[in-house]
Amino acid sequence: MSHKLSFGDVYIFNAKDPHKISAISEKNIILTIQIDLDYYKKFFRKLDVTYFICDSFINRDRLTEELRYLRFLMTRIYDLHNEKNTNEVSIEELVKSLLSFLTDQFQYYTYSRNKTDSYDIFHRQEIR
């Protein structure tokens, strides 16, 4: 799957899915953060089967406060990662904040395998 991103877009994808991300303009900066699912799913129930949908491309003319804050958290993780004397605990706490924010603001659904070996989908209000 190929995605063209423009200013303000936030796209979250599963690292195991084939994907290509490019910018519409050379002036765009694309920030990629890879989160270790196996590590963080011990802090967030059902993280491995949760989908986050930002829909940043729908309202191109305005960025919601939630998207602004999401971008801030991602940028802060990037900045901390690039600091010379980075404290790994600080990065871990910030990633937890990011995942918590995503769960609270952008979680759409999760799924689980049932007894008949098919999948049940649970919408956000059913997960909590």
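In this text, residue positions in the sequence shown follow numbering that gives the first Met the number 0: the first is 0, and each later residue adds one. Where is the CB? At the ideal position from N, CA and C, for every residue including glycine. All of these numbers come straight from a predicted model, not from anything done at the bench.
{"Item": "Taking residue 71 as part of the beta strand (DSSP E), name the residues at either end of that continuous run.", "Value": "No beta strand (DSSP E) holds residue 71; the alpha helix (DSSP H) holding it covers 64-81."}
{"Item": "Could you tell me how far apart the beta carbons of residue 51 and residue 101 are, in whole angstroms, since I believe they sit closer than 8 angstroms?", "Value": "5 angstroms"}
{"Item": "Going by DSSP, what residue range makes up the alpha helix (DSSP H) through residue 51?", "Value": "Careful: residue 51 lies outside any alpha helix (DSSP H), inside the beta strand (DSSP E) at 49-51."}
{"Item": "Do you know how far the Cα of residue 106 is from the Cα of residue 49?", "Value": "7 angstroms"}
{"Item": "Out of curiosity, what's the CA-to-CA distance linking residue 76 and residue 46?", "Value": "19 angstroms"}
{"Item": "Which residue from 63, 66, 94 and 119 puts its Cα closest to that of residue 78?", "Value": "94"}
{"Item": "Once the 5 residues before and after residue 90 are set aside, which same chain residues still bring their CB inside 7 angstroms of it?", "Value": "76, 79 and 80"}
{"Item": "Using the Cα positions of residue 30 and residue 96, report the straight-line distance between them to the nearest angstrom.", "Value": "18 angstroms"}
{"Item": "Mapping DSSP to helix, strand and coil, what is residue 117?", "Value": "coil"}
{"Item": "Determine which residues share a DSSP beta bridge with residue 106 and list them.", "Value": "51"}
{"Item": "Using beta-carbon positions only, say whether residue 66 and residue 53 come within less than 8 angstroms of one another.", "Value": "yes"}
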